[in-house]
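Top to bottom, those sequences are chains A and B.
Counting along the first sequence from 1, when you hit position 15 you're at 15 in our numbering, and nothing is skipped either side.
With positions in the second sequence counted from 1, the corresponding number in our numbering is that position plus 231.
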Amino acid sequence: MATEKSDYWQGFQAGLPFLLVIAPFGTLFGVLATEAGLNLFETLTFSVVVIAGAAQFVSLQMLQDHVPALIVLASALAVNLRMAMYSAAITPHMGGLPLWKRALSAYFLVDQTYASAALHFEQHPEKTLGQKFAFFMGTMTPICPPWYLFTLIGAWLGEAVPADFGLDFALPIAFLAMIAPALRTGSHVVAALVATLGTLLLAWMPYNLGVLCAAALGMMAGAETERRMAQ
Amino acid sequence: MIDRGDLWLVVIGLGLGSFCLRFLFLGLVGDRPLPAWLTRHLRYTAVAMMPALVAPLVVWPAATGGQTDPVRMIAAAVTLGVGLFSKNVILAILSGAAALVAGGYLLG
């Protein structure tokens, strides 16, 4: 199985650059969670169980704002809806694996593993199922375990960072930085603008429901713009 | 202080829910194609959800008791601007943080 071993290392190399994103974000989550009063075990469990950066930041922020748990859950799951799209996109490549391997891959299916695996699978359609699985596990290695590790480091650091350090604004800055490169087409820009306007106009709604409604409006606006531009 | 019941409800619910979203097609649907209208909407979840979450935090920050704060607005604009031009997430974060700290000294 020498070939699968080399596929694992190819995947490892493809995933390695994402460490530059994982390390600061994981650390930041650890720091913010500690500031919010979570202990080491709770912070680490959060990252291991959920393993989705943006949704973790969102739910942490909303929990701190004392939004009801079900609304927090709905909002964070809405942030993670894109995972269903990754799942759909990766299925033609990995759908033939045995169930436990599909379940394991699903757990590790995050933005970065999806991005590097999808690119590789499209460039190398000749790879066998076993090779693709090996590549995926290789890609996951420098991305997912470091996410836990840096969360833990952040949680340790968090106890040393003074509470009043402008950290309240770390989340908006991190999100704004992630939004900018995602605005790839006119439809994406329309979706973002409608969502922004909507959330400000609907801020009067209870339980942060305005955020969910605005996001739904933004998605519809983006999808509709795309449909019309395609005609 | 975050209520521990709420915390664990969210952690476990979000963990299970996210896994279901990730497993949905890979595990259950197989390689049957999705309806086009659904994928078209799913494409915009991230770019709609994130601004919807962030915009109120930028315009009415909790740290100032909901008062609009020029320093935070400028830091947000710098982050978005650098992100749009450089397409570099880390550079955008560092620029935004620098703007926040510099603005805090100059205006605060």
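In this text, a Cβ means the ideal position worked out from N, Cα and C, and glycines have one as well.
Cβ of residue i within 8 Å of Cβ of residue j?
i                     : j                     : result
residue 177 (chain A) : residue 25 (chain A)  : no
residue 80 (chain A)  : residue 52 (chain A)  : yes
residue 200 (chain A) : residue 282 (chain B) : no
residue 183 (chain A) : residue 278 (chain B) : yes
residue 105 (chain A) : residue 135 (chain A) : no
residue 306 (chain B) : residue 323 (chain B) : no
residue 71 (chain A)  : residue 207 (chain A) : yes
residue 219 (chain A) : residue 191 (chain A) : yes
When the cut-off is 8 Å and only beta carbons count, does residue i lie next to chain A?
i                     : result
residue 282 (chain B) : yes
residue 270 (chain B) : yes
residue 257 (chain B) : yes
residue 299 (chain B) : no
residue 232 (chain B) : yes
residue 248 (chain B) : yes
Applying a beta-carbon distance threshold of less than 9 Å, which residues of chain B neighbour residue i?
i                     : result
residue 228 (chain A) : Going along chain B, no residue has its Cβ under 9 Å from residue 228 (chain A), so there is no contact; the nearest lies around 11 Å.
residue 39 (chain A)  : The contacting residues do not exist; residue 39 (chain A) stays about 10 Å from chain B at best.
residue 181 (chain A) : 314, 315, 317, 318, 319, 320 and 323
residue 160 (chain A) : The contacting residues do not exist; residue 160 (chain A) stays about 18 Å from chain B at best.
Counting only Cβ pairs nearer than 7 Å, list the residues of chain B close to residue i.
i                     : result
residue 59 (chain A)  : 241 and 245
residue 157 (chain A) : Result: empty, since nearest Cβ-Cβ is about 16 Å, beyond 7 Å.
residue 42 (chain A)  : 238
residue 79 (chain A)  : 280
Output, in chain order, the set of chain A residues within a Cβ distance shorter than 9 Å of residue i.
i                     : result
residue 321 (chain B) : 20, 21, 24 and 177
residue 328 (chain B) : 166, 169, 170 and 173
residue 287 (chain B) : 199, 200, 203, 208, 210 and 211
residue 266 (chain B) : Correct list: empty, because the minimum Cβ distance to chain A is about 11 Å.
Name the chain B residues whose beta carbon is nearer than 8 Å to that of residue i?
i                     : result
residue 120 (chain A) : Within chain B, no residue comes near residue 120 (chain A); the closest Cβ sits about 17 Å away, beyond 8 Å.
residue 45 (chain A)  : 242
Is DSSP giving residue i helix, strand or coil here?
i                     : result
residue 237 (chain B) : helix
residue 44 (chain A)  : helix
residue 184 (chain A) : coil
residue 208 (chain A) : helix
residue 124 (chain A) : coil
residue 226 (chain A) : helix
residue 131 (chain A) : helix
Closer than 8 Å, CB to CB, is residue i near chain B or not?
i                     : result
residue 116 (chain A) : no
residue 27 (chain A)  : no
residue 107 (chain A) : yes
residue 200 (chain A) : yes
residue 218 (chain A) : yes
residue 138 (chain A) : no
residue 63 (chain A)  : yes
residue 85 (chain A)  : yes
residue 192 (chain A) : yes
residue 188 (chain A) : yes
For residue i, return the contacting residues in chain A, with the cut-off set at a CB-CB distance below 7 Å.
i                     : result
residue 324 (chain B) : 173, 174 and 177
residue 336 (chain B) : Residues of chain A passing the Cβ test: none, with the nearest at roughly 11 Å.
residue 333 (chain B) : Under the 7 Å cutoff, chain A gives no residues; its nearest Cβ is about 11 Å from residue 333 (chain B).
Using a Cβ-Cβ distance under 8 Å, would residue i count as near chain D?
i                     : result
residue 151 (chain A) : Reference to chain D is not applicable here, since the protein chains of this structure are A and B.
Report yes if the C-beta of residue i is less than 7 Å from at least one heavy atom of the ligand NAP; otherwise report no.
i                     : result
residue 142 (chain A) : Ligands displayed in this structure: none; no statement on the ligand NAP is therefore possible.
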